[in-house]
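Notes follow the structure.
Encoded structure:
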């Protein structure tokens, strides 16, 4: 069945979408098909969907945006992506999360939600943005103007997840 989209919206995070975001994050991680990530690494990255409370607290402590699509058939809104940037003094400008549902990738939604984040950051006077990009997202961040500074590593549940620390001057 093909879903006909009536509307795509980029909105500031709303608590009522915390559970959908939790499930979306877990789905995105476990849909990764890349030779650089083993099943053990994906399980360490996300063992199971976290609670709505976890995601609400995480996104409420930063600036976050969600991508909502409204289907023409049911007029219901579903969350198909999200991004957030840290806004506290020590982590200011660090993009913490950026996920798009696998069925909605490569349709320009990532660029649209990133543009909302960058506009906001410029309005706040941020000098730069940074991110630890995965193997999958590195290409997108390069396309958005980020430059790789160094390789980075994160350890979770005994697994090492490699990424690329990237920055962009605003």
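Residue numbers (the working numbering): 35 to 204.
By construction, the Cβ of each residue, glycine as well, lies at the ideal position given by its N, Cα and C atoms.
As the structure is a prediction and not an experimental result, all values here were calculated from the model.
Item                                                                                                                   : Value
Residue 53, enclosing alpha helix (DSSP H) - first and last residue                                                    : 52-64
Sequence-distant residues of the same chain with beta carbon closer than 8 Å to residue 58, five excluded per side     : 113, 114, 115, 116, 133 and 135
Per-residue DSSP class, three states only, for residue 180                                                             : coil
First and last residue of the uninterrupted beta strand (DSSP E) at residue 98                                         : 96-105
Simplified DSSP state of residue 166, which is helix, strand or coil                                                   : strand
Distance, residue 137 Cα to residue 35 Cα                                                                              : Bear in mind that a pLDDT of 47 at residue 35, under 50, signals an unreliable position, so the model cannot answer this.
The region 146-165 contacting the region 192-203, beta-carbon criterion three pairs below 8 Å                          : yes
Close-in-space but distant-in-sequence residues of the same chain around residue 93 (CB under 6 Å, 5 per side omitted) : 47 and 118
Rounded separation between residue 230 and residue 53 - CA only                                                        : Here the chain comprises residues numbered 35 to 204, so residue 230 is not present and cannot be evaluated.
For residue 170 and residue 68, believed in contact at Cβ under 8 Å, the rounded distance                              : 6 Å
Cβ-Cβ distance between residue 148 and residue 204 below 7 Å                                                           : no
Among 105, 80 and 49, nearest to residue 207 - alpha-carbon criterion                                                  : Beyond the ends of the chain as shown, which are 35 and 204, falls residue 207; an answer cannot be given.
According to DSSP, residues forming a beta bridge with residue 195                                                     : 188
Beta strand (DSSP E) segment containing residue 156, residue limits                                                    : Here residue 156 belongs to no beta strand (DSSP E); instead the alpha helix (DSSP H) covers 143-157.
Backbone CA spacing between residue 153 and residue 51 [nearest angstrom]                                              : 23 Å
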